[in-house]
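According to this note's numbering, the stretch in the sequence shown is residues 29 to 299, in order.
Note that the Cβ used here is the ideal one computed from N, Cα and C, for glycine as well.
Note that this is a predicted model, so its numbers are computed, not measured.
What follows is a single structure, written as structure tokens, with notes after it.
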Amino acid sequence: MCGIAGLFHFKNEGILALDSSLKMMNRLLQHRGPDGQGIWLNPKKNMGLAHQRLSIIDLSEHASQPMVGQNGFVITFNGEIYNHIELRQSLSSRWDFYTASDTEVILAAYAVYGMDCVKHLKGMFSFAIWDGEQLFCARDHFGIKPFYFSEINDVFYFASEPKALLPFLPLITTNSKGFTEYMTFQYSLGSQTLFEGVEQLEPAHAMVLNSNGKRIWRYWDANFEVDNSISEEMCNLKLSELLDESIRMHLRADVPIAAYVSGGIDSSLIG
29 MCGIAGLFHF
39 KNEGILALDS
49 SLKMMNRLLQ
59 HRGPDGQGIW
69 LNPKKNMGLA
79 HQRLSIIDLS
89 EHASQPMVGQ
99 NGFVITFNGE
109 IYNHIELRQS
119 LSSRWDFYTA
129 SDTEVILAAY
139 AVYGMDCVKH
149 LKGMFSFAIW
159 DGEQLFCARD
169 HFGIKPFYFS
179 EINDVFYFAS
189 EPKALLPFLP
199 LITTNSKGFT
209 EYMTFQYSLG
219 SQTLFEGVEQ
229 LEPAHAMVLN
239 SNGKRIWRYW
249 DANFEVDNSI
259 SEEMCNLKLS
269 ELLDESIRMH
279 LRADVPIAAY
289 VSGGIDSSLI
299 G
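Quick look at the structure:
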């Protein structure tokens with residue numbers, strides 16, 4: 029559970045107190061990443077990225093964030109890419125990897141596939157990549173990892189939690205629609221949150237920001253097509269294979285791992 033944050037000026041103007049703003053956002057997200065912290069500012073001081081690190085894969089300092097790639101692209105990333113080993117192998121002929129981290133794999137995928145890189149990622153993630161021209165942001169397929177943002181006076185702010193955005197709002201007020209949804213479903217639907225002026229990037233959505241503005245789109249949707257030609261026996265076999273493969277990928281880590289099982293349907297299925 030890392031913490032990410034950042035600022036971007038749509039008109040490419042320098043942001044007042046950019047450095048101190050990012051440091052404050054990191055302090056507010058410190059509980060999400062006890063293993064390290066960092067900030068990165070571009071030379072124009074019109075954008076910056078921040079990160080609070082919880083080390084899971086590649087515990088070395090080389091994997092610290094924000095991470096600058098060999099091509100100058102910069103990323104701040106929260107999550108885990110379960111197929112990072114397979115992606116690394118397929119990208120190694122086009123990228124000279126210097127870490128064992130899944131963070132660098134995302135940078136390489138963006139360098140090779142562009143904004144379609146999210147279609148190649150299996151895992152839970154929210155991240156932002158600055159490529160020198162635009163800021164590309166994405167959230168995982170089911171919204172496991174959070175991504176909140178605000179726009180104030182031509183400046184775009186984002187963070188893993190609303191609390192890192194609230195100090196920049198001119199007035200903190202409740203979003204009545206988001207509050208109603210939360211009290212009804214225990215979750216705010218769509219891009220709504222509990223706060224006016226704070227939105228969330230929806231699951232399976234990506235966003236790009238540059239001097240022309242902001243664009244958000246859905247990059248994935250669930251496919252519920254039914255194949256009636258497959259027997260029940262084959263369905264059970266395929267389900268077992270998918271579970272084995274998924275669990276194998278989820279257990280990848282450079283730190284000790286453990287599992288908490290409740291004895292319910294999910295736990296019994298993988299037990």
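Please report the distance separating the alpha-carbon of residue i from that of residue j.
| i | j | result |
| --- | --- | --- |
| valine 283 | isoleucine 85 | 8 Å |
| isoleucine 298 | alanine 232 | 26 Å |
| methionine 277 | threonine 131 | 16 Å |
| threonine 202 | methionine 53 | 21 Å |
| leucine 69 | asparagine 40 | 13 Å |
| histidine 148 | threonine 212 | 35 Å |
| cysteine 262 | methionine 152 | For clarity, residue 262 is methionine in the given sequence; the question names cysteine instead. Taking the straight line from one Cα to the other gives about 29 Å. |
| serine 118 | serine 92 | 23 Å |
| valine 102 | methionine 95 | 5 Å |
By the 10 Å Cβ neighbour count, where 16 or more other Cβ atoms means buried, how is residue i classified, buried or exposed?
| i | result |
| --- | --- |
| phenylalanine 155 | buried |
| cysteine 145 | buried |
| alanine 166 | buried |
| proline 23 | This structure leaves residue 23 out entirely; the chain is present only between 29 and 299. |
| valine 254 | exposed |
| aspartate 168 | buried |
Three-state secondary structure (DSSP) at residue i?
| i | result |
| --- | --- |
| alanine 287 | coil |
| isoleucine 85 | coil |
| cysteine 145 | helix |
| arginine 55 | helix |
| glycine 31 | strand |
On a CA-only basis, which of the options is nearest residue i? Give me that one, please.
| i | options | result |
| --- | --- | --- |
| phenylalanine 105 | Gly31, Leu46 and Thr127 | Gly31 |
| alanine 33 | Asp63, Val96, Asp255 and Phe184 | Phe184 |
| glycine 61 | Leu217, Gln228 and Gln80 | Gln80 |
| tyrosine 247 | Leu82, Arg122, Gly42 and Gly171 | Gly171 |
| glycine 76 | Trp158, Pro195, Leu271 and Tyr176 | Trp158 |
| serine 83 | Asp182, Ile67, Gly142 and Glu108 | Glu108 |
| lysine 205 | Tyr215, His169 and Pro198 | Tyr215 |
| methionine 143 | Ala286, Ala281, Val236 and Leu217 | Val236 |
| proline 190 | Asp294, Met29, Gly66 and Phe177 | Phe177 |
Does the Cβ of residue i lie closer than 6 Å to at least one heavy atom of the ligand FAD?
| i | result |
| --- | --- |
| cysteine 165 | Ligands are entirely absent from the displayed structure, and the ligand FAD is therefore not among its contents. |
Do the CB positions of residue i and residue j come within less than 7 Å of each other?
| i | j | result |
| --- | --- | --- |
| alanine 234 | leucine 57 | no |
| serine 219 | glutamate 209 | no |
| glutamine 162 | asparagine 99 | no |
| isoleucine 43 | leucine 35 | yes |
Determine, using beta carbons only, whether residue i comes closer than 7 Å to chain C.
| i | result |
| --- | --- |
| lysine 150 | Absence of chain C from the displayed structure is noted, only one protein chain being present. |
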